[in-house]
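A quick write-up on the structure given underneath.
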Amino acid sequence: MTTTDYFRIAMQKRMTRKSILTYTMIAWVIGCGFYAYYYVSSILSLPDLGQGYVQDWSFQLLMFFIFRFPLLLIVLIVIMVVEVMATKNTKTM
157 MTTTDYFRIA
167 MQKRMTRKSI
177 LTYTMIAWVI
187 GCGFYAYYYV
197 SSILSLPDLG
207 QGYVQDWSFQ
217 LLMFFIFRFP
227 LLLIVLIVIM
237 VVEVMATKNT
247 KTM
């Protein structure tokens with residue numbers, strides 16, 4: 157094979173913008189899941205929590221979605237905008 161053949165094969169296997177954004181979204185969802193688990197488990201492992209609803213997983217998960225999730229959503233939007241701007245002038249439509 158010549159160099160042009162390798163270049164042609166590489167161009168055929170390029171990721172499209174849609175697949176790049178899809179993989180980014182999948183990685184973000186997995187990362188949010190791990191971060192939510194870490195957030196809730198680290199809060200529940202504190203020794204000085206009061207009794208009642210504060211020690212419940214569902215309450216701590218609700219607090220995660222109220223206070224942390226909006227920030228993660230902003231980060232996702234910024235990453236998506238950067239990826240779209242980076243692939244704007246390339247042939248990855």
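Numbers 157 to 249, taken from this note's numbering, label the letters of the sequence shown in order. Where is the CB? At the ideal position from N, CA and C, for every residue including glycine.
I'd like to know whether the C-beta atoms of residue i and residue j end up nearer to each other than 8 Å.
i: valine 196; j: phenylalanine 220; result: yes
i: glutamine 207; j: leucine 200; result: no
Smallest Cα separation from residue i: which of the options?
i: threonine 180; options: Leu218, Ile233 and Lys244; result: Ile233
i: arginine 224; options: Leu205, Asp204 and Gly187; result: Gly187
i: isoleucine 235; options: Met171, Trp184 and Ser175; result: Trp184
What residue range does the alpha helix (DSSP H) around residue i cover?
i: threonine 180; result: 173 to 200
i: proline 226; result: 225 to 242
Which whole-angstrom value is the C-beta distance of residue i and residue j, which I expect to be below 8 Å?
i: isoleucine 176; j: threonine 243; result: 7 Å
Sufficient close CB pairs (3 or more, under 8 Å) joining the stretch 220 to 233 to the stretch 185 to 193 | yes
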